[in-house]
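Using the UniProt record's numbering, read the sequence shown as starting at 1 and increasing by one per residue. Glycine included, C-beta positions come from ideal geometry on N, C-alpha and C. It should be emphasised that the depicted structure is a prediction, and the values quoted were computed from it without experimental measurement.
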Amino acid sequence: MPTKIPEHLYHVLLTITRLNKNPNNLVEILRIPGTYTSLLAAKAAAHSCLYDAGYERDFFPTYETSAHIFEQENLPDRTGLAIYAVAPDGTTFRVRIDTTTNKLQLTTDLDDGRISIPLFYVVQANVEYDAIEGESTVREVIVQGTFTDYMQARKYAKEVLLSEKDGILKGSYAAYVEAGEGERDCGFGENVVVHAASDYGVNYLVSVIRNQELGSNLLDTTSHKPAIMPSGIDFQAWFLNHGTAPPKTTLTSNPTHPRISTNFGTRSSRPIS
Numbered sequence: 001m002p003t004k005i006p007e008h009l010y011h012v013l014l015t016i017t018r019l020n021k022n023p024n025n026l027v028e029i030l031r032i033p034g035t036y037t038s039l040l041a042a043k044a045a046a047h048s049c050l051y052d053a054g055y056e057r058d059f060f061p062t063y064e065t066s067a068h069i070f071e072q073e074n075l076p077d078r079t080g081l082a083i084y085a086v087a088p089d090g091t092t093f094r095v096r097i098d099t100t101t102n103k104l105q106l107t108t109d110l111d112d113g114r115i116s117i118p119l120f121y122v123v124q125a126n127v128e129y130d131a132i133e134g135e136s137t138v139r140e141v142i143v144q145g146t147f148t149d150y151m152q153a154r155k156y157a158k159e160v161l162l163s164e165k166d167g168i169l170k171g172s173y174a175a176y177v178e179a180g181e182g183e184r185d186c187g188f189g190e191n192v193v194v195h196a197a198s199d200y201g202v203n204y205l206v207s208v209i210r211n212q213e214l215g216s217n218l219l220d221t222t223s224h225k226p227a228i229m230p231s232g233i234d235f236q237a238w239f240l241n242h243g244t245a246p247p248k249t250t251l252t253s254n255p256t257h258p259r260i261s262t263n264f265g266t267r268s269s270r271p272i273s
């Protein structure tokens, strides 16, 4: 009997936010450890995500899984939120499930419902800067598309913020920059290929990132820092607020597998025994 093609795909998103002494210097890191063919399978994966990354439950002073609590706390980007955790140093961890149409008609034979082939995601992050509070907040993270080829994802990413039909062009934004040919990012963070800013303090970042399973081998037992991390978004809001950008990086000789940094941000944790 042929495998039934699911109508939707369910993506598990792990977002880590670090805030340094300067409130403008928000560091947002996003990883997508897996895509699943059923919501039930994605929920199971979401609730084991931090354990798979090498954390224990009691490491976090705050660890919430209740939608009611998420509403009470008025957390941003609550749609699909499964876990909200805060580390002792104030670093926040959010695990969400985002749903997209299965346009590629992907299926899986794995018991856990995970899509096993390499996938490339076009992800849009909307960041708001509050001039009065002097703080940046990531309001929304959306998976705009899923691809099996990096260059196809890059091509799609260039059009996410534009719509000729609706008259939304590059000049419609106060600022607009995109990665050039052979560049891995546009200078506003790891894998961020398009950055635009409105006149009202909203920054839009479009990235192309690749899936990769989390595992216990991610922890370096001496430093308690990840030794190998999946590709994802890693940007600092300071650059968004001040209109500057760090140096750009370039693609490797194989554009379908861009070279990635293994920097996941400083943290302390205890490995699962």
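Would you mind stating whether residue i and residue j have Cβ atoms separated by less than 9 Å?
i, j, result
"Ala85", "Tyr51", "no"
"Glu28", "Thr15", "yes"
"Asn211", "Phe120", "yes"
"Val194", "Val160", "yes"
"Ala53", "Gly113", "no"
"Thr65", "Leu9", "no"
"Leu81", "Phe70", "yes"
"Val43", "Ile115", "It should be pointed out that residue 43 corresponds to Lys in this sequence rather than to Val. Not a contact, by the Cβ cut-off of 9 Å."
"Ile5", "Gln105", "yes"
"Arg154", "Asp77", "no"
"Ala46", "Ile83", "yes"
For residue i, tell me which candidate among the options has the shortest Cα-Cα distance.
i, options, result
"Tyr156", "Ala179, Val95 and Ala174", "Ala179"
"Thr17", "Arg57, Glu181, Arg31 and His11", "Arg31"
"Val12", "Gly34, Lys4, Thr3 and Ile5", "Gly34"
"Pro88", "Tyr55, Ala82 and Asp111", "Tyr55"
"His68", "Asp58, Glu128, Phe60 and Thr79", "Thr79"
"residue 280", "Ala174, Leu81 and Asp77", "Outside the shown range of the chain (1 to 273) lies residue 280, about which nothing can therefore be said."
"Lys103", "Ser172, Gly187 and Gln144", "Gln144"
"Thr91", "Phe59, Leu110, Asp111 and Asn74", "Phe59"
"Val206", "Leu75, Lys4, Leu106 and Val177", "Val177"
"residue 274", "Gly171, Ser163 and Glu190", "Because residue 274 is not part of the residues shown, which for the chain are 1 to 273, the question remains open."
"Leu75", "Gly167, Arg57 and Thr137", "Thr137"
"Gly201", "Val127, Thr3 and Pro61", "Val127"
"Thr3", "Glu164, Gly189, Asn191 and Asp111", "Asp111"
"Cys186", "Glu164, Lys158 and Glu73", "Lys158"
Mind checking which residues open and close the alpha helix (DSSP H) that includes residue i?
i, result
"Tyr156", "Tyr150 to Ala157"
"Ala44", "Leu39 to His47"
Are the C-beta of residue i and some C-beta of chain D separated by less than 9 Å?
i, result
"Val141", "Note that chain D does not occur in the displayed structure, where there is just one protein chain."
Report the CB separation of residue i from residue j in whole angstroms; it is logged as a contact under 8 Å.
i, j, result
"Val95", "Cys49", "5 Å"
"Val208", "Tyr129", "That pair is no contact at about 24 Å."
"Ile117", "Thr146", "Incorrect: roughly 11 Å between the Cβ atoms, too far for contact."
"Thr108", "Thr37", "6 Å"
From what residue to what residue does the beta strand (DSSP E) around residue i run?
i, result
"Leu205", "Val202 to Arg210"
"Phe93", "Thr92 to Thr101"
"Tyr176", "Ala175 to Glu178"
"Val192", "Val192 to Ala197"
- request: Could you name each continuous alpha helix (DSSP H) segment of 4 residues or more that falls completely within the segment 53–81, going from the start of the chain to the end?
  value: You should have 67–72.
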